[in-house]
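Visitor:
There are 2 protein chains.
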Amino acid sequence: MTDSTARVSPGVPGTRPTRQRRAVSEVLSSFEDFRSAQEIHTLLGQRGESVGLATVYRTLQLLADAGEVDVLRSEEGEAIYRRCSATHHHHLVCRSCGATVEVEGPAVERWTAGIAAEHGFSDISHTLEIFGTCPACS
Amino acid sequence: MTDSTARVSPGVPGTRPTRQRRAVSEVLSSFEDFRSAQEIHTLLGQRGESVGLATVYRTLQLLADAGEVDVLRSEEGEAIYRRCSATHHHHLVCRSCGATVEVEGPAVERWTAGIAAEHGFSDISHTLEIFGTCPACS
DNA sequence: AGATCGATGAGAACGCTTGTCAACTCGCCG
DNA sequence: CGGCGAGTTGACAAGCGTTCTCATCGATCT
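This is the structure in structure tokens:
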């Protein structure tokens, strides 16, 4: 269903696969955890693949809309992005070093669905993030 | 342990109970859900209790540090505050009309604590919001 | 190759938040 | 009871992340 790479543009209609978009997508793929737009922008510069900051933002939004990346807000309010894997999951994030652990919780999924149904809500989605201090940082 | 009102300043050493702080604290108490600093600032103005924006921010930080309010980030990255009620709960929000239902989930609390512990994380907090379309809107 | 239209980049603009600093208040001591 | 000092305030500027603007560029189609 999802063949991870090379489907950056095909999703949205009037969208083109440009050098910049590929570059952003690649950098994104090279990380497991969340990165801010600015961080990605800097990294691209260091890699020689200079891409305008505005373009980085635009591309990330595009990818987010297409459901290819997860967007989160750090506790400082910065938007952070990460390529999302096919499976729906949540994150356990270290406040101090940013280390991220993916966690799954069928129980939680069922619980949210149940609660929503109980109140007559439909078309449900939810966000769940767990923050803490990882063993290495405490 | 927590006697809700009137302990805005006694917590922190060199801290005084001023008109402004009381005003912010009161406005905060008059809501059950999260409000942004700017919103609180505007509300104070309407109430006739004008308080400088910077002071609102400072007071909210103070209260947050003292553990009297919860701070969260809206999806737009705005910091939102809520008086830390005794009961921890989550929200079921209608995407269309904004209606909010407070929900509690002991199971979820236990689950997050468990997951975190399992990975050696400490000092845990979490955010969980459920979005959907309410009966009236669908 | 030429035309068309989305994409890009540089910089300005914007909104939220924090810092600065002089004026002010509150609580306290003499 | 008056004055002192430390905490507090408010207006404004600065900082930062993000979005917008617009002229230019480049990809796709004919």
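Chains A and B, in that order, are what the protein sequence lines are.
For the first sequence, our numbering begins at 1 and goes up steadily by one.
For the second sequence, our numbering begins at 1 and goes up steadily by one.
Ideal Cβ placement from N, Cα and C applies to all residues, glycine included.
1. What's the gap between the Cα of residue 96 of chain A and the Cα of residue 51 of chain B?
2. Quick check on this structure: which residue in A:59, A:70 and A:32 has the alpha carbon closest to the alpha carbon of residue 23 of chain A?
3. In terms of residue numbering, what span does the alpha helix (DSSP H) encompassing residue 25 of chain B cover?
4. By the 8 Å beta-carbon criterion, what residues does the stretch 19-44 of chain B contribute toward chain A?
5. Is residue 49 of chain A near the ligand ATP, judged by its Cβ being under 8 Å from some heavy atom?
6. Since residue 107 of chain B and residue 66 of chain A are thought to touch, with beta carbons under 8 Å apart, how far apart are those beta carbons, to the nearest angstrom?
7. Closest to residue 104 of chain A by C-alpha separation, out of B:119, B:99 and B:101, would be which residue?
8. Among A:127, A:71 and A:17, which residue has its Cα nearest to the Cα of residue 36 of chain A?
9. Identify whether residue 94 of chain B lies in helix, strand or coil by the three-state DSSP scheme.
10. Is any beta-carbon of chain A found at less than 9 Å from that of residue 73 of chain B?
11. How big is the Cα-Cα spacing for residue 5 of chain B and residue 63 of chain B?
12. What are the complete alpha helix (DSSP H) segments, minimum 4 residues, inside the stretch 22-72 of chain B?
13. Return no unless some Cβ of chain A is closer than 9 Å to the Cβ of residue 84 of chain B.
14. I'd like the list of long-range same chain contacts for residue 75 of chain B, defined as Cβ closer than 8 Å, with 5 residues on each side in sequence excluded.
15. Give the residues from the stretch 99-131 of chain A that approach chain B closer than 7 Å (Cβ to any Cβ), ordered along the chain.
16. Reducing DSSP to helix, strand and coil, say where residue 16 of chain A ends up.
17. For the stretch 115-134 of chain A against the stretch 17-34 of chain B, are there 3 or more C-beta pairs whose distance is under 8 Å?
18. Below 8 Å CB to CB, which residues in the same chain sit around residue 91 of chain B once its five sequence neighbours on both sides are set aside?
19. In chain order, what residues of the same chain lie with their CB nearer than 8 Å to the CB of residue 31 of chain B, ignoring the 5 residues before and after it?
20. For residue 67 of chain B and chain A, any beta-carbon pair shorter than 9 Å?
21. Taking the straight line between their C-alpha atoms, what separation do you get for residue 88 of chain B and residue 54 of chain B?
22. In three-state terms, what does DSSP make of residue 79 of chain A?
Guide: Short version:
1. Stepping through the first sequence from its first residue, residue 96 of chain A is reached at position 96. Stepping through the second sequence from its first residue, residue 51 of chain B is reached at position 51. Taking the straight line joining both Cα atoms gives about 34 Å.
2. Here residue 23 of chain A is taken as the residue at index 23 of the first sequence, counted from 1. Ranking A:59, A:70 and A:32 by Cα distance to residue 23 of chain A puts A:59 first.
3. Here residue 25 of chain B corresponds to residue number 25 of the second sequence, with the count starting at 1. Bounds of the alpha helix (DSSP H) holding residue 25 of chain B are 19-29.
4. Within the stretch 19-44 of chain B, no residue qualifies.
5. Annotation note on the ligand ATP: not contained in the displayed structure, which lists no ligands.
6. In the second sequence, residue 107 of chain B corresponds to position 107, counting from 1. In the first sequence, residue 66 of chain A corresponds to position 66, counting from 1. About 33 Å separates the two Cβ atoms, so there is no contact after all.
7. Locating residue 104 of chain A in the first sequence gives position 104, counting from the first residue. Minimum Cα distance to residue 104 of chain A is reached at B:119.
8. Numbered from 1 along the first sequence, position 36 holds the residue referred to as residue 36 of chain A. Among A:127, A:71 and A:17, the Cα nearest to that of residue 36 of chain A belongs to A:71.
9. Sequence index remark: in the second sequence, residue 94 of chain B carries index 94 (1-based). Residue state, collapsed to three classes: strand.
10. As a working mapping, residue 73 of chain B is identified with position 73 in the second sequence. Judged by the 9 Å Cβ criterion, residue 73 of chain B is in contact with chain A.
11. Here residue 5 of chain B refers to the residue found at position 5 when the second sequence is read from its first residue. Here residue 63 of chain B refers to the residue found at position 63 when the second sequence is read from its first residue. Its pLDDT being 38, under 50, residue 5 of chain B is placed unreliably in this model, and the value from its coordinates should be taken loosely. Roughly 12 Å between the two C-alpha positions.
12. The stretch 22-72 of chain B contains, as complete alpha helix (DSSP H) runs of 4+ residues, the segments 37-46 and 53-65 (chain order).
13. Taking the second sequence and counting its residues from 1, the one referred to as residue 84 of chain B is at position 84. Output row for residue 84 of chain B: interface = no.
14. Within the second sequence, the letter at position 75 stands for residue 75 of chain B. Result list for residue 75 of chain B: empty, nothing under 8 Å.
15. Cβ contacts with chain B: 101, 103, 105, 107, 108, 111, 112, 115, 116, 119, 120, 121, 122, 123, 124, 125, 126, 127, 128, 129, 130 and 131.
16. Position 16 of the first sequence, counted from the first residue, corresponds to residue 16 of chain A. The answer is coil: DSSP assigns residue 16 of chain A none of H, G, I, E or B.
17. No, they do not touch.
18. As a first step, residue 91 of chain B must be located in the second sequence, where it is residue number 91. Excluding sequence neighbours, residue 91 of chain B sits near 33, 100, 101, 102, 103, 129 and 130.
19. Translated into positions along the second sequence, residue 31 of chain B becomes position 31. Taking C-beta separations shorter than 8 Å and ignoring five residues to either side along the sequence, the partners of residue 31 of chain B in its chain run 82 and 83, following chain order.
20. As a working note, residue 67 of chain B is residue 67 in the second sequence. Taking a beta-carbon distance threshold of 9 Å, residue 67 of chain B does not count as an interface residue toward chain A.
21. Within the second sequence, the letter at position 88 stands for residue 88 of chain B. Within the second sequence, the letter at position 54 stands for residue 54 of chain B. When rounded, the distance between both Cα atoms is 29 Å.
22. Residue mapping note: residue 79 of chain A aligns to position 79 of the first sequence, counting from 1. In this structure, residue 79 of chain A counts as strand in the three-state DSSP scheme.
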